[in-house]
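Trainee:
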Amino acid sequence: MTQTNGAPRSFQEIILRLQNYWAAKGCAVMQPYDMEVGAGTFHPATTLRSLGTKAWAAAYVQPSRRPTDGRYGENPNRLQHYYQYQVLIKPSPPNLQELYLGSLEAIGVDMAMHDIRFVEDDWESPTLGAWGLGWEVWCDGMEVSQFTYFQQVGGHDCHPVSGELTYGLERLAMYVLGVDHVMDMPYNDPDALIPLSYGDVFKQTEEEYARWNFDVANTEVLLRHFEEAEAECAAILAQEHQDPKTGKRIIMAHPAYDQCIKASHIFNLLDARGVISVTERQAYIGRVRALAKQCADAFVLTEAGGHVAETAA
Amino acid sequence: MPDLLIELFSEEIPARMQARAAEDLKKRVTDGLVEAGLTYAGAAALSTPRRLTLAVDGLLAESPTIREERKGPKVGAPDKAIEGFLRGAGLTRDQLEERETPKGAVYFAMIEKPGRAAAEIIAEVLEDCIRTFPWPKSMRWGAGSLRWVRPLHSILCILSDEAGTSVVDLDIDGIKSGSSTRGHRFMAPEEITVTGFDDYAAKLKRAFVVLDPAERQAAIWQEASNQAFANGLDVVEDKGLLAEVAGLVEWPVVLMGAIDEEFLELPPEVLQTSMKEHQKFFSVKNPKTGRIERFITVANRETADNGATILAGNQKVLSARLADAKFFWENDLRTARSEAGMSAWVENLGNVTFHNKLGTQAARIDRIAALAREIAPVVGADADLAEQSARVAKADLSSEMVYEFPELQGLMGRYYAEAAGLPQEVANACEQHYSPLGPGDDVPSEPVSVAVALADKLDTLTGFWAIDEKPTGSKDPYALRRAALGVIRLVLENDVRVELLALFAPCWKHHFFDVSAFWEKACRNASDDELRNSEFCAGMFNAGWQEALKQRPRLKEIDEKTEAIRTEFRVGKNTALDACLKTQAELESHFGPDLLSFFHDRLKVFLRDQGIRHDVIDACIAMDGSDDLTLLVKRARALEDFMKTEDGTNLLQGFKRANNILSQAEEKDGVEYSYGADRKFAENDSETALFDALAAGGDAISPAIEAEDFAAAMRGMAALRAPIDAFFEAVQVNAENEIVRRNRLNLLNQIRQVCGQVADLTKVEG
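Written out as structure tokens, the structure reads:
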């Protein structure tokens, strides 16, 4: 039995409670995607699975990287590497708001004592060619989650519509645990044999990455990688649908999408290095979006994307 | 007569959309009902974050039966015609009536549309309303295809009268209508069944929902004021915020909290903006010090600890936000007080594009600074101060605070200019040069601020004119109408005497340079195909540049020419620039009058709101010097007032009589009678009297015009009516003697000339 009563005592306990809660609600609890992404939305379990007609329900933690937000671990709220908790359910169930509120209770937010509000916030991802309507959820004036009904992803209208929940885990946990500086937050139980704070785990990496992101990353190499990822994505998608070796119909939407993720992250790094001008910025975003769209086009032709194999004549 | 109650219950509706949506619901439903024949006594629309409610009183129980008589074809007309008529009427031939008319026997149809029950009509109207509701943005959810602002959960739709309550049956994509709703999301989420509006409103209140947004607003304001007053403080009024906050709660609970001591030194505007934008807090001010010391937040529920936990949470979030603001403020102050001061920010604006064809913000600042210098003497400002102000006025756009809170632009400029130790006029201009922003906004009056404000707006207007991005219809993405109105109000309210065309002239020159730079770059990066594409080239200066751009081999030539222009212009030898830029002159003659007429259009709207007739304005715009707006308005006001007097009628009638006859003769003869008339050809007393009156009048009128005393001038003109009338009474203008006739026509022309000195009276109605 998992202990879910009373206040959680650590960052990891909050994550574990969310995992248990959404598992109990029927989500496939997935693991983080093994690539660098800017947000949980980039995980193919969200981006690609929100496309097509097949039902889907997944929940997972996703480490997310935003190089420009690096502050060498000194800012109480800003990190270049942080965790998002992501839930995606398709079609969005009618009681999604209640399910969401239940998850807050599961991590120790007492609905009778706090003021929870759904404040308009329309979500748009120019790099993914995606948008949706929803809210930011406020708890006592603090934004604790994004709540979005996807309307379009990769340029495709979503039918059915997915409901997406994104929790900024550090911020939410700091609030629940009553911590003012992220580095002071207990990572594991404060009474553990070896109690570790968030800073024990991440302070040094924040410093290392901030230095690399801002000053050291080789921009020429990054620019080349961007072009290569772009080219590789196109090359993958240009392949025949029928695999000449196995004779099977294999559309490589996911490998192509990996290249899209790669390009997106490289763009973020270049942005942090300050080598992208305002005008170029739009152009780069447009290039990543073009990749995302092509991957979306490919995914809806796959079985997971709802494609029904034609019966042999 | 039954009453109708409708409630559309959904997930949280954006606050900014609620009021409009409630009105749309009322309009669409009541219009639909009336169109179907269901009249009603009254209707009211209400909203909360989760519901739109419509109550309609005294509705007809059914629509009236409508009888209509329709005349058809003649008896014996071809079958086709008769069949067509029957189809249209929905009848068979034996139901037609034959009637004798003066034109013979004709078929008549009596069509009866039976009345329909209210419920049936309501169901149709409401379904149509829901399916076509004009949300600014709507969405789908789940597996359905219905669109609403957020997922729609239930529809309450009941008709009630003395006999009882009945549900109006409705099923929209599986959402069935009923007679129940739910209370507050957290405090009373259970289902509630209601029998009519009064019952509904009362039960909702018991379930912690205040249905009426006005009531929520009033309650919030009342409670906030009370709490502030009890501490000797005032809530800073903000109607927009109040409406928004009332749209975020169903059960408002007002909580007041303190701001940490360490943030109280921040400028009050920064505190206020940060609290409002991020947290939707009201600011609470100490009336003695003017400082903002506390905040008010509005929660959506009561708690066992009377909101203590909620307030503590809000306070914590606010401190984090203000820590950011303080960080920005201190960093910015450090920059402003550094040796380089605000110029470091200005330099940075060289990397910020204002508009791709109009160059960077830094280029724009150069243009505005040069223009402000030129304007300075006109508005009585020191030219050096005006230029200095223009150079730093937009520096704050690079500051961290303005990056975070764009709405603080200008204001932060003032604070930072003061911190940098710049003259007070300069600091003031930083803040005021954006004004006036709207019709109700104050107009700056300090000369330096006026000069920079005018330069800023004129640069924007001429710039977008030069690249042909004028407002069209409802589209005005660069707010050029507002800029023009700003110029108009700056000029009029400060009594500035300047010819706008003369102010435009240096602007075209400045833009020419920056736009050339754009073309130069565009040209260099363009493919051959693009260069051949006329759309690509059809920017500004197209006449001269297009030719050059069409062919690659001539590209070098363009580079050289642009380079030459730049060199000459930078060192200020305008002669060379003027000589080589034929296109610039084209620009001036092409866009100048067009932009001026845009100003005239804005001025018409502005003056019409002040009660000046459009024909009066047109009559004054037609005069020379109409680019001097102060003079133009002076004329218009004098003319407007004068036209309301008896003298005004005299002037107009006298003038029109003379002008009509003269114009007819001119049209007939194909000549213009503009030779001076000679008194010696006068044949009778009335004629000589008119000569004398014109001479005497002219003597009085000219000095008055000179002194811009238009009322006196017009009084002089009005005095001509009697001699004019007597003249027409006594003489025949079209005399047999050609010399006499011509002389009289020339005399009429003299009247036209004299009376046309204030305004073009042919344009005045009446």
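In order, the protein sequence lines correspond to chains W and Y. Plus 14 on top of the position in the first sequence (first one is 1) and you've got our numbering. Plus 117 on top of the position in the second sequence (first one is 1) and you've got our numbering. No residue lacks a Cβ here, since even glycine has one placed at the ideal position from N, Cα and C. The structure presented is a predicted model; accordingly, all values stated were derived computationally and were not measured.
Taking Cβ-Cβ distances below 7 Å as the criterion, which residues of the segment 160-181 of chain W are in contact with chain Y?
Mentor: Within the segment 160-181 of chain W, the residues whose Cβ lies closer than 7 Å to some Cβ of chain Y are Tyr163, Gln165, Pro174 and Val175, listed in chain order.
Trainee: Kindly indicate which residue of Y:Val366, Y:Leu243 and Y:Pro268 has the alpha-carbon position closest to the one of arginine 302 of chain Y.
Mentor: The residue with the shortest Cα to Cα distance from arginine 302 of chain Y is Y:Val366.
Trainee: Name the two residues that bound the continuous alpha helix (DSSP H) containing valine 567 of chain Y.
Mentor: It spans 564-583 - the alpha helix (DSSP H) in which valine 567 of chain Y sits, taken as one unbroken run.
Trainee: So proline 131 of chain Y contacts chain W; which residues on that side make the cut at Cβ distance below 8 Å?
Mentor: Going along chain W in sequence order, the residues near proline 131 of chain Y (Cβ under 8 Å) are Glu134.
Trainee: Can you check whether the C-beta of glycine 295 of chain Y is within less than 8 Å of a C-beta belonging to chain W?
Mentor: Closer than 8 Å: no.
Trainee: Looking at the structure shown, is lysine 761 of chain Y part of a helix, part of a strand, or coil, going by DSSP?
Mentor: Lysine 761 of chain Y falls in the coil class under three-state DSSP.
Trainee: List the endpoints of the continuous alpha helix (DSSP H) containing proline 330 of chain Y.
Mentor: That run of the alpha helix (DSSP H) goes 330-347.
Trainee: What residues are listed by DSSP as bridge partners for arginine 796 of chain Y?
Mentor: None; arginine 796 of chain Y has no bridge partner.
Trainee: Would you verify that the beta carbon of isoleucine 427 of chain Y is, or is not, closer than 8 Å to some beta carbon of chain W?
Mentor: Interface residue, yes.
Trainee: Excluding sequence positions up to five away, which residues of its chain have a Cβ less than 6 Å from the Cβ of arginine 454 of chain Y?
Mentor: Ala536.
Trainee: With a threshold of 8 Å between beta-carbons, can glutamate 137 of chain W be considered close to chain Y, or not?
Mentor: The sequence shown places tryptophan at residue 137 of chain W, not glutamate. Taking Cβ atoms only, chain Y never reaches closer than 8 Å to tryptophan 137 of chain W, which makes this a no.
Trainee: Quick one: grab the DSSP three-state call for lysine 212 of chain W.
Mentor: According to the sequence provided, residue 212 of chain W is tyrosine. The question's lysine does not apply to it. Residue state, collapsed to three classes: helix.
Trainee: Rounded to whole angstroms, what's the CA-CA distance from arginine 187 of chain Y to alanine 226 of chain Y? Just pull it up for me.
Mentor: Rounded to the nearest angstrom, the two C-alpha atoms are 5 Å apart.
Trainee: Which residues of chain Y have a Cβ atom closer than 9 Å to the Cβ of glutamine 111 of chain W, listed in chain order?
Mentor: The answer, in chain order, is Glu128, Glu129, Pro268 and Arg302.
Trainee: Taking Cβ positions only, does tryptophan 70 of chain W come closer than 8 Å to chain Y?
Mentor: It does not; no Cβ of chain Y falls within 8 Å.
Trainee: Within the 8 Å Cβ cut-off, does cysteine 153 of chain W reach chain Y?
Mentor: Closer than 8 Å to some Cβ of chain Y, the Cβ of cysteine 153 of chain W qualifies, so yes.
Trainee: Indicate whether aspartate 492 of chain Y and leucine 602 of chain Y have their beta-carbon atoms separated by less than 8 Å.
Mentor: It should be noted that the sequence gives isoleucine, not aspartate, for residue 492 of chain Y. No, Cβ-Cβ distance for isoleucine 492 of chain Y and leucine 602 of chain Y is not below 8 Å.
Trainee: Give a yes or no on contact between the segment 578-590 of chain Y and the segment 540-560 of chain Y, applying the rule of three or more CB pairs nearer than 8 Å.
Mentor: The answer is no - the segment 540-560 of chain Y does not touch the segment 578-590 of chain Y, with fewer than three Cβ pairs under 8 Å.
Trainee: Are at least three pairs of beta-carbons, each pair with one atom in the segment 340-347 of chain Y and one in the segment 138-154 of chain Y, less than 8 Å apart?
Mentor: Too few Cβ pairs lie closer than 8 Å, so no.
Trainee: Buried or exposed: which applies to glutamine 273 of chain W, given that a residue is buried once 16 or more other Cβ atoms fall within 10 Å of its Cβ?
Mentor: Label assigned to glutamine 273 of chain W: buried.
Trainee: Which residues in the same chain have their Cβ closer than 7 Å to the Cβ of aspartate 558 of chain Y, if we skip the five residues on either side of it in sequence?
Mentor: Same-chain partners within the cutoff: Ser552.
Trainee: Can you pull the chain W residues whose beta carbon is under 9 Å from the beta carbon of aspartate 422 of chain Y, in chain order?
Mentor: Here the neighbours are Met127.
Trainee: Could you round the C-beta distance between glutamate 184 of chain W and leucine 251 of chain W to whole angstroms and report it? I think they count as a contact, below 8 Å.
Mentor: At roughly 36 Å, the Cβ-Cβ gap does not stay under 8 Å, so glutamate 184 of chain W and leucine 251 of chain W are not in contact.
Trainee: Against chain W, does alanine 260 of chain Y count as a neighbour if the rule is that its beta carbon must be under 8 Å from one of theirs?
Mentor: Answer yes: the Cβ-Cβ gap between alanine 260 of chain Y and chain W drops below 8 Å somewhere.
Trainee: Could you spell out where the alpha helix (DSSP H) holding threonine 390 of chain Y opens and where it closes?
Mentor: Looking at the DSSP string, the run of the alpha helix (DSSP H) that includes threonine 390 of chain Y is 385-391.
Trainee: I need the DSSP call for phenylalanine 303 of chain Y, collapsed to helix, strand or coil.
Mentor: Correct three-state label for phenylalanine 303 of chain Y: coil.
Trainee: Could you tell me if glutamine 45 of chain W is buried or exposed, where buried requires 16 or more neighbouring beta carbons within 10 angstroms of its beta carbon?
Mentor: Glutamine 45 of chain W is exposed by the Cβ-count criterion.
Trainee: For alanine 234 of chain Y, write down the residues that DSSP places opposite it in a beta bridge.
Mentor: Partner(s): Y:Glu179.
Trainee: Given 8 Å as the limit, is there contact between the segment 355-372 of chain Y and the segment 419-431 of chain Y, that is, 3 or more CB pairs closer than that?
Mentor: The segment 355-372 of chain Y, when compared against the segment 419-431 of chain Y, does touch it at the 8 Å Cβ threshold.
Trainee: Between isoleucine 289 of chain Y and leucine 263 of chain Y, which are expected to be in contact by the criterion C-beta below 8 Å, what is the C-beta distance as a whole number of angstroms?
Mentor: Contact holds; Cβ gap of about 6 Å.
Trainee: Using only the alpha-carbon positions, how far apart do histidine 731 of chain Y and arginine 299 of chain Y sit?
Mentor: So the alpha carbons of these two residues sit roughly 56 Å apart.
Trainee: Determine, using beta carbons only, whether alanine 341 of chain Y comes closer than 8 Å to chain W.
Mentor: False, the Cβ-Cβ gap to chain W never drops below 8 Å.
Trainee: So what does glutamine 98 of chain W bridge to, in DSSP terms?
Mentor: W:Gln76 and W:Gly182.
Trainee: Rounded to whole angstroms, what is the Cα-Cα separation between lysine 68 of chain W and isoleucine 264 of chain W?
Mentor: One C-alpha to the other measures close to 18 Å.
Trainee: Identify the contact partners of glutamine 396 of chain Y in chain W, using a Cβ-Cβ distance below 8 Å as the criterion.
Mentor: Near glutamine 396 of chain Y (Cβ distances below 8 Å), the residues of chain W are Gly155.
Trainee: Any C-beta of chain Y within less than 8 Å: which residues of the segment 96-108 of chain W qualify?
Mentor: Within the segment 96-108 of chain W, the qualifying residues are Pro105, Ser106, Pro107 and Pro108.
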